[in-house]
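A quick write-up on the structure given underneath.
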Amino acid sequence: MALLDPVPPPYDIGEWQKKPFPERVKMVCQAWALQGYGTPWPIYLVYILKIFLYVWVWSLFCSFTPGLGNLGDFSAWYYEPIAFQKAVLWSMAFEALGLGCGSGPLTGRYNPPFGGPIYFCRPGTIKAPFWPGLPLLGGAKRRWFEVLLYVGYIGSLFRALVAPELSIELFIPPLVLLPLLGMTDKTIFLASRAEHYYTALVCFMFVDDWLPASKLVWVAIWMWAATSKLNHHFPSVVAVMQSNSPLTQFGPIRKLLYKSYPDDLRPSRLTHFLAHAGTVTEYVFPIALVLSDGGTVTVVALAVMVGFHTFITSSIPMGVPIEWNVIMVYGAFVLFGHYADVNAFSVSAPLLIAYLAFALVAVPLFGNLFPSKASFLCSMRYYAGNWAYSVWLFRGDASKKLDEKLTKAAATLPVQLGKFLDEETIIATTSKVLGFRSMHLHGRCLQQLLPKAVDDIDAYEYVDGELVAGIVIGWNFGDGHLHNMDLLRAVQAECQFEEGELRCIFVESQPMGRATHSWTIADAATGVRDTGKIRVKDLLELQPWPAAAEG
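Structure, rendered in structure tokens:
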């Protein structure tokens, strides 16, 4: 096997293709349980090197300020306000350039390995306006106006990054341009991780309050992330993520994550314990950090925090939010370590208090209660297993229209992989995406919905909406709202699929306090065909594969 070839599945691909769809799902789920995505180790090395690049470039920007930037003397300057602020600015730029979350093979990006400017600087590419149809800003295709806005936004970030000192005048341009960009294309707003970095940037505008306010930003992210895991979905996330971790591939560890491998792939008691322990941990250490003012409690809480984020990062989760975990750790040491004596509740500016109440309380609460109305990122529902998603079903070779009709920078995944792998390996790699979706609890909805969507699943090519978003709009990171009905309409306007050529299944997140997933089935040519709801508790009794595979 070539150095960059993925780990082959434990079955013959030719024979797998001949099996009925339910059996194929079962086989690929059993393969995921032991192999994960099957990523070759050099790919993990690339992600590790990218972390070092991220940190090193940040230090270069810090070096524009005299006395800062020497990594050999890191402990003497890491806590300086300008170093922290440049870390936030650089993280915004890094993400908006497509280099962070949603980059590389673990998000279905091979050639090219990122989106960012190769989409956002290209007129004619499809975008996701906040209000489709809104005059000037609500078009589905990018124009030079939006390209210039994006270039101006990135330029404003780099202008601040190379400045010897930071001032309010340098913060204003990105603060103005990013929301405007978000109106024209919410993809860029989400890719910039605005729920985190934009909120922190607002805090920087208040010179006397930015430190305690930034503490509240960090605490809110941890607390809402923990809250979002209070569901039936998260144990499946732990099992799926750890089956993909490079640290669990030894001995029987991965089998222990499931009730009875290979026949019962529901999460085991051990996995439920790990999920609940992780949730409790994510609640406890931020409370300890925000209430302590240094000393033993702070040291212990910081140590637990490091362990928590190290565990996540070492698992190399799909979507690879690695740099985001790095800045969370760095920010915790600056805000709660070096500035432990600053009271997080000492924010005094009424305008800032109002904004924080909106961004850190109202928006996440609304997004948890009404997930169809808000991105899971703005709702701070990180990797909780309860996301909106979609599946796109192309009859025959109809997916070729995406490459033939759309303006974009990346081809469909099989075409990308065709430059590196043989046909059987390509089929094996793309089939793992089906396993990833099916292994999550909400993926079991497809057992009811696929037969409703098409009469003969074997006549269709199954493509996860994440992969569609990645090649069509240039970024994907688990937000099913980026590949919803709006994207289907935009794609149909260009590709003109015939009735039955493209069917889509859209599954919405389970709202907090309610017991169901809402779903929609649509045809690209004729629109919505059916809608309904599925009880989450009914999914708990199901295996990741259709019952027909048990025969």
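Counting with my numbering, you get residues 9 to 559 for the letters of the sequence shown.
Ideal placement from N, C-alpha and C gives every residue a C-beta, glycine not left out.
In this structure, DSSP gives residue 466 a helical state, which the three-state scheme calls helix.
Taking 7 Å as the cut-off, the beta carbon of residue 142 is found no closer than this to the beta carbon of residue 101. The straight-line gap separating the alpha-carbon atoms of residue 470 and residue 99 is approximately 34 Å. DSSP lists 515 as the beta-bridge partner residues of residue 397. When the beta-carbon positions are compared, residue 37 and residue 553 come within less than 7 Å of each other.
Secondary structure note for residue 537: its beta strand (DSSP E) is the uninterrupted segment 535-543.
Here DSSP, grouped into helix, strand and coil, assigns residue 184 to helix. Contact annotation: the segment 323-330 does not touch the segment 362-371, with fewer than three C-beta pairs closer than 8 Å. Between the beta-carbon of residue 502 and that of residue 533 there is about 13 Å, and that puts the pair past the 8 Å contact cut. The beta carbon of residue 403 sits closer than 7 Å to the beta carbons of 467, 468, 508 and 509 from its chain, once the five residues preceding and following it are set aside; these are given in chain order. Spatial neighbours of residue 201 in its own chain (CB-CB distance under 6 Å, excluding positions within 5 residues in sequence) are listed in chain order as 103. Note that the C-beta distance between residue 244 and residue 393 is below 7 Å. Taking all protein chains shown into account, residue 304 has fewer than 16 neighbouring C-beta atoms within 10 Å of its C-beta and is therefore exposed.
In summary, residue 49 is exposed, with fewer than 16 beta-carbon neighbours lying within 10 Å of its beta-carbon over all protein chains present. For the pair residue 246 and residue 270, the Cα-to-Cα distance works out to about 17 Å. Proximity of the segment 448-461 to the segment 479-493 falls short of the contact definition, fewer than three beta-carbon pairs being nearer than 8 Å. When rounded, the separation of the alpha-carbon atoms in residue 531 and residue 475 is 18 Å.
Remark: C-beta atoms of residue 116 and residue 421 approach each other more closely than 7 Å. Counting the other CB atoms within 10 Å of its CB gives residue 472 a total of 16 or more, which places it among the buried residues.
Looking at the DSSP output, residue 510 bridges to 402.
A contact between stretches requires three or more CB pairs, one per stretch, nearer than 8 Å, and the segment 126-141 fails this requirement with the segment 429-447. By DSSP's assignment, residue 275 forms a beta bridge with 266.
By a beta-carbon distance limit of 8 Å, residue 517 contacts residue 384. Their separation comes to about 7 Å.
Under a 10 Å Cβ-count criterion, residue 57 is classified as exposed, with fewer than 16 other Cβ atoms of the shown protein chains found around its own Cβ.
The beta carbon of residue 240 lies closer than 7 Å to those of 449, 544 and 548 in the same chain, with the five residues before and after it left out. Around the CB of residue 539, fewer than 16 other CB atoms lie within 10 Å, so the residue is classed as exposed. The beta carbons of residue 158 and residue 179 sit no closer together than 7 Å. Shown here, residue 222 sits in a helix according to DSSP, grouped into three states. Closest by C-alpha distance to residue 46, out of 464, 232 and 252, is 252. The C-alpha of residue 189 lies about 24 Å from the C-alpha of residue 171.
The segment 257-271 makes no contact with the segment 63-81: fewer than 3 CB pairs, one atom from each, lie closer than 8 Å. Between residue 119 and residue 300, the alpha-carbon positions lie close to 48 Å from each other. Taking C-alpha positions only, residue 434 is separated from residue 272 by approximately 28 Å.
No residue range can be given for residue 430, since it is assigned to no beta strand (DSSP E) and is classified by DSSP as neither H nor E. By the Cβ criterion, the segment 337-347 is in contact with the segment 213-231, since at least three pairs of Cβ atoms, one from each stretch, lie closer than 8 Å. Around residue 550, the same chain offers 452 as residues with beta carbons nearer than 6 Å, after the five sequence neighbours per side are excluded.
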